[in-house]
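Working notes, beginning with the structure itself.
Number of protein chains: 2
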Amino acid sequence: MVKGLFMLISEFAQQTGLSTDTVRFYVRKGLLSPETGNKGGYNPYQIFSPALVETARVIKLAQSLGFTLKEIAAFGEEYRAGALTATRGADILRGQLGKLEEKAALLAGMIGYVRAKIAWLEGGGQGAEPTFGVFACGVTAGVVDDAGKVRRA
Amino acid sequence: MVKGLFMLISEFAQQTGLSTDTVRFYVRKGLLSPETGNKGGYNPYQIFSPALVETARVIKLAQSLGFTLKEIAAFGEEYRAGALTATRGADILRGQLGKLEEKAALLAGMIGYVRAKIAWLEGGGQGAEPTFGVFACGVTAGVVDDAGKVRRA
DNA sequence: TATAACCGTGGAGTGTGGTCCATGGTCAAG
DNA sequence: CTTGACCATGGACCACACTCCACGGTTATA
Chain A
1 MVKGLFMLIS EFAQQTGLST DTVRFYVRKG LLSPETGNKG GYNPYQIFSP
51 ALVETARVIK LAQSLGFTLK EIAAFGEEYR AGALTATRGA DILRGQLGKL
101 EEKAALLAGM IGYVRAKIAW LEGGGQGAEP TFGVFACGVT AGVVDDAGKV
151 RRA
Chain B
154 MVKGLFMLIS EFAQQTGLST DTVRFYVRKG LLSPETGNKG GYNPYQIFSP
204 ALVETARVIK LAQSLGFTLK EIAAFGEEYR AGALTATRGA DILRGQLGKL
254 EEKAALLAGM IGYVRAKIAW LEGGGQGAEP TFGVFACGVT AGVVDDAGKV
304 RRA
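In order, the protein sequences belong to chains A and B.
Following the numbering used here, the numbering of the first sequence begins with 1 at its first residue and continues without gaps.
Following the numbering used here, the numbering of the second sequence begins with 154 at its first residue and continues without gaps.
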């Protein structure tokens, strides 16, 4: 068997690091469209090209960027329809970039909060306990007193 | 009714932007622990303090950062446990800080990748196509500075 | 030709994060 | 004391992204 040129599902799975179940799942969802070979009789075997290995990598990447499988499948459709131009691709990515940046900002706020809290704890609890609101989304500042109640600053 | 001091579930839901169903779900999962008031007979009404509104905000935030409800609940547990001694609390938070910074580094890598890819697409595909690996393959540890860039620790 | 290794199909099950709903108890206004 | 708004419980149901399994057909190897 010539490795890597026209694979059956198990080799494809192994090359992509997916399980055969996941590959079949992706095929059902339209994310991967293998050829149907001449082997297998009533239920012909699926033949995977090296291009599909690349596709699988793109799917994984997109997933790690927070796209759902449904969205990824839609991108694939567009791509095959020839509608996925560079401009369009840049637009899609800009949308996702916005989401990622939003997340990063929130995360930065949370990190600031946790840092402040650590400093506060190590300083023996001097002064007002840091409140999350101070760091995130401009929520009205307040402090939590020893009884766990919020006092307005 | 005095707004915001000791709320029943529907007001709490409204103030947090959650549905009452979701609030009950969170209570079942241990993310929110309201008091049980004296009203309601066999099935006493849950009483929500303003501090829990704050908690709900933290939950939402943590969730948007990709923490699961289980992790968030564990965070809350640790938080309550660590609140006893400052040293212990600081230790716990440092652990959380590590996780957050890891996430931040990952996120920064993705943002860098997406930015580069957009630039590449808009430049008409000149030069080498950006690879995710270039951005994400050194994300072991780092911190995000004010500009959202990753600095190596 | 026997037998193991592989294939596809269909359906059930998992965990996460909810949402909906029927039932029945409780509370407050009129 | 009725009526409507509210409450809690329990269970069904949903989407997502898998994962497992039984069944039966196919292929390659010995």
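Every residue gets a Cβ at the ideal spot worked out from N, C-alpha and C, and that includes glycine.
Keep in mind it's a predicted model, so treat the numbers as computed, not measured.
query	result
Cβ distance (whole Å) where Phe165(B) is taken to contact Leu205(B) below 8 angstroms	7 angstroms
Cutoff 8 angstroms: Met110(A) Cβ touching any chain B Cβ	yes
N-terminal and C-terminal residue of the alpha helix (DSSP H) that Tyr154(A) is part of	In the structure as shown, chain A begins at 1 and stops at 153. Residue 154(A) is therefore absent and cannot be evaluated.
Boundaries of the alpha helix (DSSP H) in which Phe128(B) is found, first to last residue	One cannot answer for residue 128(B) here, as it falls past the ends of chain B, which runs 154 to 306.
Within chain A, partners of Gly242(B) - CB distance below 7 angstroms	Leu121
Rounded C-alpha distance that separates Arg241(B) from Gly112(A)	19 angstroms
Strand pairing of Thr175(B), partner residues [DSSP]	For Thr175(B), which the question treats as bridged, DSSP gives no partner whatsoever.
Cβ neighbours of Ser163(B) in the same chain (closer than 8 angstroms, five flanking residues each side left out)	Thr173
Through-space distance from Arg268(B) to Thr85(A), alpha-carbon basis	17 angstroms
Sequence-distant residues of its chain with Cβ nearer than 7 angstroms to Val211(B) (five each side left out)	none
Beta bridge counterpart(s) of Gln126(A) as assigned by DSSP	None; Gln126(A) has no bridge partner.
For Thr189(B), three-class secondary structure by DSSP	strand
Endpoints, alpha helix (DSSP H) assigned at Ser49(A)	Careful: Ser49(A) lies outside any alpha helix (DSSP H) and carries neither H nor E.
Own chain partners of Asn38(A) with C-beta closer than 8 angstroms, once the 5 adjacent residues on each side are dropped	Pro44
Beta-carbon contacts of Lys29(A) that lie in its chain and below 7 angstroms, excluding the five residues immediately before and after	Leu69 and Ala73
Per-residue contacts from Val114(A) into chain B (C-beta, under 7 angstroms)	Leu246, Gln249, Leu250 and Leu253
Inter-residue CB distance, Lys99(A) and Gly123(A) (contact presumed, cutoff 8 angstroms)	Wrong, their Cβ atoms sit about 36 angstroms apart, outside the cutoff.
Any chain A beta carbon closer than 8 angstroms to Ala239(B)	yes
Identity of the residue in Gly262(B), Met263(B) and Pro283(B) nearest Ala272(B) by Cα	Pro283(B)
Interface positions of the segment 56-78 of chain A facing chain B (Cβ-Cβ less than 8 angstroms), listed along the chain	Leu61, Ser64 and Leu65
Counted within 10 angstroms of its Cβ, other Cβ atoms place Gly125(A) as buried (16 or more) or exposed	exposed
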